[in-house]
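Okay, structure first, notes after.
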Amino acid sequence: YITGHAVFEATHGTAPKYANQDKVNPGSVILSGEMMFRYMGWTEAADLILKGLNGAIASKRVTYDFARLMEGATEIKCSQFGDNVIEHM
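Heads up: the sequence shown runs through residues 11 to 99, numbered per the numbering used here.
Right, dumping it as structure tokens:
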């Protein structure tokens, strides 16, 4: 905040072993976008992202990493999870 500049990125590497598998949880990148919007003052957009992500997880239609930890969850692809987030906005 001192310089007025910020960087927003996923908390993980590129995970090349999962490339083209439509499998990996996009939550880290989605939340990075949420933080960017909030930093820019676009709180309404940031709030919608959180609402969508929370709703998607609560629906138990989630990527494999969540599904293996959640009782009664349905495993879906990364792209389907993105659609699920949008549906819950």
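Yeah, the Cβ is synthetic: ideal placement off N, Cα and C, and Gly gets one too.
DSSP places M45 in the uninterrupted alpha helix (DSSP H) bounded by 37 to 49. Approximately 5 Å separates the beta-carbon atoms of A20 and V39; this is inside 8 Å, confirming the contact. For V95, the three-state secondary structure derived from DSSP is helix.
In this chain, the alpha helix (DSSP H) harbouring L63 covers 53 to 68. T84 is bridged by DSSP to R71.
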